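**Q** Protein sequences appear in the order of chains W and V.
First residue of the first sequence: 4, per the working numbering; consecutive thereafter.
First residue of the second sequence: 22, per the working numbering; consecutive thereafter.
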Amino acid sequence: MSADLALLSASELARRIRAGKATARAAVEACLERIDNRNDQLNAFIALDAAHAQATADLADAEAKRGRWKGPLHGVPLAHKDMYYREGRIATCGSKIRRDWVAPATSTALARLDAAGALDLGTLNMAEFALGPTGHNWHHGHARNAWNPLHITGGSSSGSATGVAARMFFGSLGSDTGGSIRLPAHYCGVVGIKPTWGRVSRANAMPLSWSLDCVGPLTRTVEDAALMLSIIAGVDPADPTAAGEPVPDYVVGLARGVRGLRIGRPASFFTEVDGESERALADARRVLERLGATIVDVPIPDMERIGACFTMVMGPESATIHREWLRTRADDYSGQVRARLEAGLMVPATFYLDAMRARGPLLADFIDTVFSRCDVLLVPTGTSPAPTVAESEVTGGPDLVARLTHFPKFTRPFNYLGLPGLTVPAGFSGSGLPIGLQLVGRPFDEATLFSAGHAYQQATEWHTRVP
Amino acid sequence: MTATIGDEEARILAAQAGVALDDEAAVNAATAMAPPLAAADRHARTLAFEAEPSQYLAAQRRAKR
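1) For Ala51 (chain V), which residues in chain W fall below 7 angstroms Cβ to Cβ?
2) Determine the chain V residues that contact Asp357 (chain W) at a beta-carbon separation under 9 angstroms, and present them in chain order.
3) What residues match up with Thr297 (chain W) in a beta bridge as DSSP calls it?
4) Give the DSSP-derived three-state secondary structure of Thr23 (chain V) in the structure shown.
5) Leaving out five residues on either side along the sequence, give the residues of the same chain with a beta carbon under 6 angstroms from the beta carbon of Arg445 (chain W).
6) Answer yes if the region 203-213 of chain W comes into contact with the region 107-121 of chain W, meaning at least three C-beta pairs across the two stretches below 8 angstroms, and no otherwise.
7) Return yes when the Cβ of Glu131 (chain W) is within less than 7 angstroms of the Cβ of Gly97 (chain W), no when it is not.
8) By DSSP's criteria, Ser175 (chain W) is part of a beta bridge. Which residues make up the other side?
9) Check whether the Cβ of Ala84 (chain V) lies closer than 7 angstroms to any Cβ atom in chain W.
10) Could you give the DSSP three-state label for Met4 (chain W): helix, strand or coil?
11) Would you verify that the beta carbon of Ala80 (chain V) is, or is not, closer than 7 angstroms to some beta carbon of chain W?
12) Identify, in the order they occur along the chain, each residue of the same chain with its Cβ nearer than 7 angstroms to the Cβ of Lys99 (chain W), setting aside the five sequence neighbours on each side.
13) When we look at the beta-carbon of His189 (chain W) and count the other beta-carbons within 10 Å, is it buried (16 or more) or exposed?
14) Between Asp402 (chain W) and Pro423 (chain W), how many whole angstroms is the CB-CB distance? I'm expecting something under 8 angstroms.
15) If distances are taken between C-alpha atoms only, which option among W:Pro269, W:Leu329, W:Met129 and W:Gly78 comes closest to Phe413 (chain W)?
16) Can you find a heavy atom of the ligand MN that lies under 6 angstroms from the Cβ of Ala164 (chain W)?
17) What are the residues of the region 426-458 of chain W that lie near chain V, defined by any Cβ-Cβ distance shorter than 9 angstroms?
18) Can you check whether the CB of Ala246 (chain W) is closer than 7 angstroms to the CB of Arg202 (chain W)?
19) Can you tell me whether Pro187 (chain W) is buried or exposed? The criterion is at least 16 other CB atoms within 10 Å of its CB, across all chains shown.
20) Determine the direct distance from the alpha carbon of Leu380 (chain W) to that of Val301 (chain W), and round the result to whole angstroms.
21) Below 7 angstroms CB to CB, which residues in the same chain sit around Met4 (chain W) once its five sequence neighbours on both sides are set aside?
22) If you follow the alpha helix (DSSP H) that Val194 (chain W) is part of, which residue opens it and which one closes it?
23) Assign Ser271 (chain W) to buried or exposed, taking buried as 16 or more other Cβ atoms, counted over all protein chains shown, within 10 Å of its Cβ.
24) If the criterion is Cβ atoms closer than 7 angstroms, does the pair Leu176 (chain W) and Lys68 (chain W) meet it?
25) Quick one: which chain V residues come within Cβ less than 8 angstroms of Phe272 (chain W)?
26) For Leu230 (chain W) and Leu407 (chain W), I'd like the C-alpha separation in whole angstroms.
27) Whose C-beta lies closer than 8 angstroms to the C-beta of Thr467 (chain W) among residues of the same chain, with five residues either side of it excluded?
28) Report the residue from W:Cys34, W:Gly295 and W:Gly421 whose alpha carbon sits nearest the alpha carbon of Gln57 (chain W).
29) Against chain V, with Cβ distances strictly below 7 angstroms, would Val404 (chain W) count as a contact?
30) Work out the CA separation of Phe431 (chain W) and Thr23 (chain V) for me, nearest whole Å.
31) Whole angstroms are fine: how far does the CA of Ala50 (chain V) sit from the CA of Ala342 (chain W)?
32) Quick one: give me the first and last residue of the beta strand (DSSP E) that Gln48 (chain W) is part of.
33) Take Gly318 (chain W) and list the residues in its own chain whose beta-carbon comes closer than 7 angstroms to its own, dropping the five residues that flank it on each side.
34) So Ala429 (chain W) is in the beta strand (DSSP E); what residue range does that whole segment cover?
35) So is Ile370 (chain W) in contact with chain V if we call contact Cβ pairs under 7 angstroms?
36) Quick one: is Thr244 (chain W) buried, meaning 16 or more other Cβ sit within 10 Å of its Cβ, or exposed?
Structure follows, in structure tokens:
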């Protein structure tokens, strides 16, 4: 029974617990069995707390017996990127510098999942300070792809993606500053949503670049992502940048389907992918068309300009956050992360301010150009399936920025624009590595992305494959 | 404002930031940032003079579905 439970989606497990057909304790044991079998190889966890998960599962089961339900994730085991603070617990942020740092407060996103009844198995591997697109970590060990451990997970939410793929837990919080949810979701064959900037509170989550950072979940299905985002989204007095936009019930909205939806096919920029990814995207367009969507060709604004603006924002903001440690503990950073942070010190203030004031006009232009013609833009998430850990290791040198910015080429523009992006498994390469499509929508229109992604998953079986 | 930073300018910037960069790191950081700085500089000149950060939230609001 335990092994079967581990293969369910979070939503299905929650329904079974609610119906008395499964227990939280059995779900935790099923996860622990998977973790025991695969974590040594994949390095998904930084700190597993099995005893805590078992104890809270027993409490959840006792409450269930009394008919007390905390919320829609009652008894469902999750685990999160090690940058969501929980009061009294170490949050390493994937670093050496914070290896023993104890968080003074709990993040809003975690608190909302707790209130919904979710359990917490422990903290997950990530790129050092969430600054890295590949999943390499020179302090806690590189995370490895569940489909082939010789290959990268993508980053920075590396442990989240490979752990969800390996069915070690039922969902996970990641964070996305330039692609850190969507890229690992693509490489590991899971679902990931970067919501609209401001949709989810960042209170007591580690910052990397405050104008770009977004909190979102990685899950096995679009339904699970819709459920988790419904729980964590919305205004928060602890984070003045958390938007006051009403949060719809994303799960109810899944039934909308794609009939009549206009799905954009980009005329340029996003076409620069390998042949297998191109075929997967073409197949996905055919599936969506068969379901009633209309595919329309759309022009794409100057993405080189948007990419340059992204770099001008992220560099100085991350360097500002890390400046004191760069001064006092520079040798405690890995070479790659130190070099990237130091590069941020080289951006003149005028360039940063130009990039910030260009954000409104460039967003307006993107919306006029793209979303006047379509409701959702369908683009690749990555330029190819996951490369190997060895070939993507970059530790320094003058080509460092160019080599690393190639990975998030199709994701970071949407962080600068603040638009929501949903990555959904859409196929496999000939060598058995996942390929994920990316659906991009208007500001605060995550609901349309979810209904399109869910309709696609109802018609395909990529998300049901288990490594 | 020049968009290509030389070794000496990189070291001056680093010194102003109070960060002790060794020579190789300074050169690498400067070299790495030169292309994106050049691109940003090129694009900045085409921006509307009146553009300001508050326009971002306004654009978000207008574009809601």
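Here a beta-carbon is modelled for each residue, glycine too, at the ideal position from N, C-alpha and C.
This one's a predicted model, so the numbers in the text were calculated from it and none came from an experiment.
**A** Looking at the atomic coordinates:
1) Met349
2) The contact set of Asp357 (chain W) on chain V, defined by CB atoms closer than 9 angstroms, consists of Ala61, Asp62, His64, Ala65, Leu68 and Ala72 in chain order.
3) Under DSSP, the beta-bridge partners assigned to Thr297 (chain W) are W:Arg265.
4) Because the pLDDT of Thr23 (chain V) is 38, which lies under 50, any placement of that residue in the model is unreliable, and the question is left without a value.
5) Counting only Cβ-Cβ distances below 6 angstroms, and skipping sequence neighbours, we find Phe374.
6) The region 107-121 of chain W vs the region 203-213 of chain W: in contact.
7) yes
8) Beta-bridge annotation (DSSP): Ser175 (chain W) is paired with W:Leu221.
9) yes
10) Note on Met4 (chain W): pLDDT 44, under 50, position unreliable in the model; no value is reported.
11) yes
12) The beta carbon of Lys99 (chain W) sits closer than 7 angstroms to those of His142 and Asp335, all from its chain and outside the five residues before and after it, given in chain order.
13) Under this definition His189 (chain W) is a buried residue.
14) Their Cβ separation, rounded to whole angstroms, is 32 angstroms, which puts Asp402 (chain W) and Pro423 (chain W) out of contact at 8 angstroms.
15) W:Pro269
16) Here there are no bound small molecules, and the ligand MN is not part of this structure.
17) Gly444, Arg445, Pro446, Phe447, Asp448, Ala450 and Thr451
18) yes
19) buried
20) 9 angstroms
21) Caution applies to Met4 (chain W), whose pLDDT of 44 falls short of 50 and renders its modelled position unreliable; the model cannot decide the point.
22) Counting along the chain, Val194 (chain W) falls outside any alpha helix (DSSP H), though it belongs to the beta strand (DSSP E) covering Val194 to Lys197.
23) exposed
24) no
25) What Phe272 (chain W) touches in chain V: nothing, since even the nearest Cβ is about 14 angstroms away.
26) 32 angstroms
27) Within the same chain, Thr467 (chain W) has no close Cβ partners at all.
28) W:Cys34
29) Yes, Val404 (chain W) lies at the interface with chain V (some Cβ there is under 7 angstroms from its Cβ).
30) With a pLDDT of only 38 at Thr23 (chain V), under 50, the local geometry of the prediction cannot be trusted, and no value is derived from it.
31) Spanning the alpha carbons of Ala342 (chain W) and Ala50 (chain V) requires a straight line of approximately 6 angstroms.
32) Here the sequence assigns Phe to residue 48 (chain W), which means Gln is not the residue at that position. Its beta strand (DSSP E) spans residues Phe48 to Leu51.
33) Ala346, Gly347 and Val350
34) Gly424 to Phe431
35) yes
36) exposed
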